[in-house]
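Undergrad: Take a look at the following structure, please.
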Amino acid sequence: MKFNSINDTGLEPNERKALNSLNTLLAVLNDKSLSNQSIDLINREIDLIHQKLEEGQGLRGQVLKSKTKILKHLEKEEGLVPKNHYQRLWLVLGMSVFGIPIGVLFGFATGNMGLLGVGLPIGMFIGLIFGKRLDKKAADENRQLDFSL
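This is the structure we're talking about:
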């Protein structure tokens, strides 16, 4: 399936940057075999962007919303994720899931709850390692898009 790129001439620099990112995603998706449901969703989002382009207002916001909607749909329905997706996700999850409990453990063990923050970088590191492992698994299964946010 060939998705049309969106012309970015005569736009503000921030709008042009957002459109270039979306056009890069569309170029990557041209090489993938997608379901009809995914193709329809992407075409609807492109139509919404064309409407905003004609209106001349709110283009950047619509591009970001459309890109997010497309990526979430691709992850849920097709199993496709951008590069470093799990790494970014698990970096934050590691801090909250592992880091805070480790920090509380340090605080109780030393009797100083000021050490609560010590667990955050430890949890961040654990989440980073876990996310890298999931990204590698996605790449090995050919579920990773050649696209980075």
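The numbers in this note's numbering rise by one with no breaks, and the one at position 9 of the sequence shown is 9. Where is the CB? At the ideal position from N, CA and C, for every residue including glycine.
1) Fully enclosed by the region 83 to 123, which alpha helix (DSSP H) runs are 4 residues long or longer?
2) Go through its chain and collect everything with a Cβ distance to residue 11's Cβ below 8 Å, but skip five positions before and after it.
3) From residue 15 to residue 23, what does the alpha carbon distance come to, in whole angstroms?
4) By a C-beta neighbour count over all protein chains shown, 10 Å radius and 16 as the cutoff for buried, is residue 82 buried or exposed?
5) Starting from residue 57 and walking both ways along the alpha helix (DSSP H), at which residues does that stretch end?
6) Can you pull the DSSP bridge partners for residue 144?
7) Residues in the same chain with beta-carbon distance under 8 Å from residue 119, minus the five sequence neighbours each way, listed in chain order, please.
8) Measure the alpha-carbon distance for residue 88 versus residue 128 and round it to whole angstroms.
9) Helix or strand or just coil, what does DSSP make of residue 31?
10) Just tell me which of 64, 136, 143, 84 has its CA closest to the CA of residue 48.
11) CA-CA distance, residue 29 and residue 137?
12) How would you label residue 67, buried or exposed, when you count the other beta carbons within 10 angstroms and need 16 or more for buried?
13) Whole angstroms are fine: how far does the CA of residue 93 sit from the CA of residue 54?
14) Suppose the cutoff is 7 Å on Cβ atoms and the five residues either side in sequence are ignored; what does the same chain contact list for residue 148 look like?
TA: Taking the definition as stated:
1) 85 to 94, 100 to 110
2) 19, 59
3) Take the alpha-carbon of residue 15 and the one of residue 23: they are about 12 Å apart.
4) buried
5) Looking at the DSSP string, residue 57 is not in any alpha helix (DSSP H), and its letter there is neither H nor E.
6) 81
7) 98, 99, 100, 101, 102, 103, 104, 105, 106
8) C-alpha separation (whole angstroms): 8 Å.
9) coil
10) Per the Cα distances, 64.
11) 20 Å
12) buried
13) 40 Å
14) 82, 83, 84
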